[in-house]
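Visitor:
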Amino acid sequence: MTALKYLQAYPAALQEQVRQLIAKDQLGAYLEQRYPERHAVQSDKALYAYALALKQEHLRNAPAIDKVLFDNRLDLTHRALGLHTTISRIQGGNLKAKKEIRIAALFKEAAPEFLRMIVVHELAHFKESDHNKAFYKLCEYMMPGYHQVEFDLRVYLTYRDLQGKP
Numbered sequence: 001m002t003a004l005k006y007l008q009a010y011p012a013a014l015q016e017q018v019r020q021l022i023a024k025d026q027l028g029a030y031l032e033q034r035y036p037e038r039h040a041v042q043s044d045k046a047l048y049a050y051a052l053a054l055k056q057e058h059l060r061n062a063p064a065i066d067k068v069l070f071d072n073r074l075d076l077t078h079r080a081l082g083l084h085t086t087i088s089r090i091q092g093g094n095l096k097a098k099k100e101i102r103i104a105a106l107f108k109e110a111a112p113e114f115l116r117m118i119v120v121h122e123l124a125h126f127k128e129s130d131h132n133k134a135f136y137k138l139c140e141y142m143m144p145g146y147h148q149v150e151f152d153l154r155v156y157l158t159y160r161d162l163q164g165k166p
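Just so you know, the sequence shown maps onto residues 1 to 166 in the UniProt record's numbering.
(1) Rounded to a whole number of angstroms, what is the C-alpha to C-alpha distance between L31 and Q20?
(2) Could you work out which residue in N132, F126, A104, A23 is closest to Q56 when comparing CA atoms only?
(3) For the UniProt domain "YgjP-like metallopeptidase" (93 to 153), which segments carrying the beta strand (DSSP E) assignment without a break, of at least 3 residues, lie completely within its bounds, in sequence order?
(4) Which residue marks the beginning of the alpha helix (DSSP H) containing L4, and which one marks its end?
(5) Specify the secondary structure class of K67 as computed by DSSP and reduced to three states.
(6) Rank A12, R160, F151, I65 by C-alpha distance to the C-alpha of R102 and give the top, closest one.
(7) Could you tell me the alpha carbon to alpha carbon distance between N61 and V120, rounded to whole angstroms?
(8) By the DSSP assignment, the alpha helix (DSSP H) with L31 in it spans what residues?
(9) Give the secondary structure of Q42 by DSSP, where H, G and I count as helix, E and B as strand, and everything else as coil.
(10) Which residues in the same chain have their Cβ closer than 6 Å to the Cβ of V68, if we skip the five residues on either side of it in sequence?
(11) Excluding the 5 residues flanking P112 on each side, which residues of the same chain have their C-beta closer than 7 Å to its C-beta?
(12) How long is the line joining the alpha carbons of A3 and Q148, rounded to whole angstroms?
(13) Less than 8 Å between the beta carbons of M117 and L153, yes or no?
(14) So for K55, helix, strand or coil by DSSP?
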């Protein structure tokens, strides 16, 4: 039985479907059929513009984003596909908070839906810090079909592991 570390929280029936695709060597074909394109966001500057546009469209009252970048140091061993941070500093008599989003560099080569899902997820943390019902409702609002894309992203990560990609 193949261990599906990215899909452990999903029902056994879904995991079994993925195992069957793996056994038939059809997992790559499934992903290619569902997500045939690759996105054009290749630089940190383009990623910042992409995230800012999503924020403006869905979260106008959320705090400003100071930095968005692809990060080579984020890796899947720590289960970090993206990261949102708030850095607080005192400048003079004012407390300044900088908001940053870091996206794992492996998403430079991913489908546009996967990149959008990760950015939406990190932006949602600006409003909801915990992974609760309100958080996922906000994700679904910003990206209809969020849950399916999140599942497929986990399938994609499983496929990458099977291919021996870091």
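Note that the Cβ used here is the ideal one computed from N, Cα and C, for glycine as well. Note that the coordinates shown come from a computational prediction; the quantities given were computed from them, not determined experimentally.
Guide: With the structure as the only source:
(1) Within the sequence shown, numbered from 1, the residue matching residue 31 stands at position 31. Within the sequence shown, numbered from 1, the residue matching residue 20 stands at position 20. Straight-line Cα distance between these residues: approximately 14 Å.
(2) The count along the sequence shown starts at 1 and reaches residue 56 at position 56. Nearest option by C-alpha distance: F126.
(3) 94 to 104
(4) Along the sequence shown, one-based indexing puts residue 4 at 4. Careful: L4 lies outside any alpha helix (DSSP H) and carries neither H nor E.
(5) Working through the sequence shown from its first residue, we reach residue 67 at position 67. Correct three-state label for K67: strand.
(6) Within the sequence shown, the letter at position 102 stands for residue 102. That would be I65, whose Cα lies nearest to the Cα of R102.
(7) Your numbering for residue 61 matches position 61 in the sequence shown. Your numbering for residue 120 matches position 120 in the sequence shown. Whole-angstrom Cα-Cα distance: 15 Å.
(8) Taking the first residue of the sequence shown as position 1, residue 31 is located at position 31. 27 to 34 is the extent of the alpha helix (DSSP H) around L31.
(9) For the purposes of this step, residue 42 is taken as the residue at position 42 of the sequence shown. Residue state, collapsed to three classes: coil.
(10) For the purposes of this step, residue 68 is taken as the residue at position 68 of the sequence shown. Contacts found: L47, Y48, A51, I101.
(11) Numbered from 1 along the sequence shown, position 112 holds the residue referred to as residue 112. Cβ neighbours of P112 beyond the five flanking positions: E37, H39.
(12) Residue 3 sits at position 3 when you count from the first residue of the sequence shown. Residue 148 sits at position 148 when you count from the first residue of the sequence shown. Straight-line Cα distance between these residues: approximately 21 Å.
(13) Position 117 of the sequence shown, counted from the start, is the residue given in the question as residue 117. Position 153 of the sequence shown, counted from the start, is the residue given in the question as residue 153. In contact: M117 and L153 (Cβ atoms closer than 8 Å).
(14) To locate residue 55, count along the sequence shown from 1; it is residue 55. Residue state, collapsed to three classes: helix.
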